[in-house]
Amino acid sequence: MKISASILATKLTQLGNILPEFQSTSIDYIHMDVMDGNYVPQISFGEAITQEVSQLTKIPLDVHLMVSKPEDHFRKYLEFKPSYVTFHQETTNFGVRLSDEIRKANAKVGVSINPMTPVSSLKYLLPYIDLILIMTVDPGFYGQKFIQGGLDKIKEAKDLSSGFDISIEVDGGVNETNIRSISEAGADICVVGAGLFKVGDPSENGKKLKDLVRSVSV
Ligand code: DX5
Ligand code: ZN
553 MKISASILAT KLTQLGNILP EFQSTSIDYI HMDVMDGNYV PQISFGEAIT
603 QEVSQLTKIP LDVHLMVSKP EDHFRKYLEF KPSYVTFHQE TTNFGVRLSD
653 EIRKANAKVG VSINPMTPVS SLKYLLPYID LILIMTVDPG FYGQKFIQGG
703 LDKIKEAKDL SSGFDISIEV DGGVNETNIR SISEAGADIC VVGAGLFKVG
753 DPSENGKKLK DLVRSVSV
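Below you can see the structure in the form of structure tokens.
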């Protein structure tokens, strides 16, 4: 299980202190929640903060675009060499073209689905993508409660994508109480915001989450 740390749940003004402290053994990706105030109610940050983060850490970036018309915005993020650029299935009519362009820039393509969007809506995109991001909260805010139906969707996504080289990422309300069942359902990457940053040391929390998962798989 890999952990992608959502810096939305931390104080952005303190990133200069927080990011260099991260241990890549416990945190595998930095999850950048880009929000436009249109697709989701809040505006978070965009390419300027993403660039700063890319300069403050060597941990690979996992860019999550919660924006309308991602085809108008994704290019700006590619120059920071992210591992993943993920857009929402609900936000574009041009998923294949967009995926092709992201891959051409040597980033991996993620597609995210909201809790009410069926896994089956991804069927025809499978050859073009590297990651399915299952939202387990309505997008827009950190610190929300995990929607249990997400566990079934992880299994469905695993089945649907068998035969393809596609990872499953889960985003929203992941913490030490549910990470084992998320792992057992088949997730490869968990985004964690409040569960890492709200109490204690983020790197230690990341390690603890990974230990919980490991004790299940042994
Ligand atoms: C929600 C974001 C998530 C969120 C995760 O719209 O996409 O990445 O910040 O934070 P937690 O783990 O607190 O739900
Ligand atoms: Zn996210």
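So the sequence shown is numbered by this note's numbering: it starts at 553 and just counts up by one. In this text, a Cβ means the ideal position worked out from N, Cα and C, and glycines have one as well.
Same chain, Cβ closer than 8 Å to ASP500, neighbours up to 5 away in sequence not counted:
Past the edges of the chain, shown from 553 to 770, lies residue 500, and the structure says nothing about it.
What residues does the ligand ZN have around it, judged by CB closer than 5 Å to any heavy atom, in chain order?
Working through the chain, the matches are ASP585, HIS616 and ASP723.
Report yes if the C-beta of MET618 is less than 7 Å from at least one heavy atom of the ligand DX5; otherwise report no.
Here the question's residue 618 lines up with position 66 in the sequence shown. Answer for MET618: yes, Cβ within range of the ligand DX5.
Nearest to GLY752 (by Cα), restricted to the options ILE570, ILE555, MET553 and VAL586
By 1-based counting over the sequence shown, the position of residue 752 is 200. Cα-wise, what sits closest to GLY752 is ILE570.
Through-space distance from CYS742 to LEU650, alpha-carbon basis
Your numbering for residue 650 matches position 98 in the sequence shown. Your numbering for residue 742 matches position 190 in the sequence shown. Taking the straight line from one Cα to the other gives about 24 Å.
Based on the DSSP output, what are the partners of LEU678 in its beta bridges?
In the sequence shown, the residue the question calls residue 678 occupies position 126. Per DSSP, LEU678 has no beta bridge partner at all.
Length of the line joining the Cα atoms of GLY715 and GLN566
By one-based count along the sequence shown, residue 715 stands at place 163. By one-based count along the sequence shown, residue 566 stands at place 14. C-alpha separation (whole angstroms): 43 Å.
Is the separation between the beta-carbon of ALA557 and that of ILE582 shorter than 8 Å?
Indexing the sequence shown from 1 puts residue 557 at position 5. Indexing the sequence shown from 1 puts residue 582 at position 30. ILE582 sits close to ALA557, with the two beta carbons spaced by under 8 Å.
What's the gap between the Cα of ASN666 and the Cα of ARG655?
Position 114 of the sequence shown, counting from 1, holds the residue named residue 666. Position 103 of the sequence shown, counting from 1, holds the residue named residue 655. The straight-line gap from Cα to Cα measures roughly 23 Å.
Cα-Cα, which of GLN641, GLY701, GLU756 and GLY695 is closest to SER733?
Start at 1 with the first residue of the sequence shown, and residue 733 comes out as number 181. Ranked by how close their Cα comes to the Cα of SER733, the residues GLN641, GLY701, GLU756 and GLY695 have GLY701 in first place.
In three-state terms, what does DSSP make of THR638?
For the purposes of this step, residue 638 is taken as the residue at position 86 of the sequence shown. Here THR638 sits in strand by DSSP.
To test your reading of the DSSP string, which unbroken alpha helix (DSSP H) runs of 4 or more residues are found completely within the region 575-606?
Within the region 575-606, no complete alpha helix (DSSP H) run reaches 4 residues.
Given the structure, does SER558 come close to the ligand DX5, in the sense that its CB is under 7 Å from one of the ligand's heavy atoms?
In the sequence shown, the residue the question calls residue 558 occupies position 6. Distances from the CB of SER558 to the heavy atoms of the ligand DX5 include at least one below 7 Å.
Look at the alpha carbon of SER620 and the alpha carbon of ASN658, and state the distance between them as a whole number of angstroms.
For this step, residue 620 is matched to residue 68 along the sequence shown. For this step, residue 658 is matched to residue 106 along the sequence shown. Near 23 Å, if we compare the C-alpha coordinates of ASN658 and SER620.
Do GLN641 and SER672 come within 8 Å of each other at the CB atom, strictly closer than that value?
Here residue 672 refers to the residue found at position 120 when the sequence shown is read from its first residue. Here residue 641 refers to the residue found at position 89 when the sequence shown is read from its first residue. No, Cβ-Cβ distance for SER672 and GLN641 is not below 8 Å.
TYR629 CB to nearest heavy atom of the ligand DX5 below 7 Å:
Stepping through the sequence shown from its first residue, residue 629 is reached at position 77. No, Cβ of TYR629 sits at least 7 Å from all heavy atoms of the ligand DX5.
Cutoff 8 Å; reference LEU764; Cβ partners in own chain excluding five residues on either side:
Position 212 of the sequence shown, counting from 1, holds the residue named residue 764. Within the same chain, LEU764 has close Cβ partners GLU728, ILE731 and ARG732.
Close beta carbons around SER719, own chain, < 8 Å, minus the five adjacent residues each side:
On the sequence shown, residue 719 is found 167 positions in, with the first residue counted as 1. Excluding the 5 residues flanking it on each side, SER719 has same chain C-beta neighbours closer than 8 Å at ASP682, LEU683, ILE684, ASP740 and ILE741, in chain order.
In whole angstroms, give me the CA-to-CA distance for THR602 and GLU736.
Here residue 602 refers to the residue found at position 50 when the sequence shown is read from its first residue. Here residue 736 refers to the residue found at position 184 when the sequence shown is read from its first residue. If you draw a straight line from the Cα of THR602 to the Cα of GLU736, it is about 32 Å long.
Quick one: what does DSSP say LYS633 is sitting in, helix, strand or coil?
Translated into positions along the sequence shown, residue 633 becomes position 81. Looking at LYS633 - three-state DSSP - the assignment turns out to be coil, as it is neither helix nor strand.
Exposed or buried, what is ASP711 when buried is set at 16 or more other beta-carbons lying within 10 Å of its beta-carbon?
The count along the sequence shown starts at 1 and reaches residue 711 at position 159. The residue in question, ASP711, is exposed, as its Cβ has fewer than 16 Cβ neighbours within 10 Å.
Let's test the definition: count the other Cβ atoms within 10 Å of the Cβ of GLU721 and tell me whether it reaches 16, buried, or not, exposed.
Position 169 of the sequence shown, counted from the first residue, corresponds to residue 721. Flag for GLU721 reads buried.
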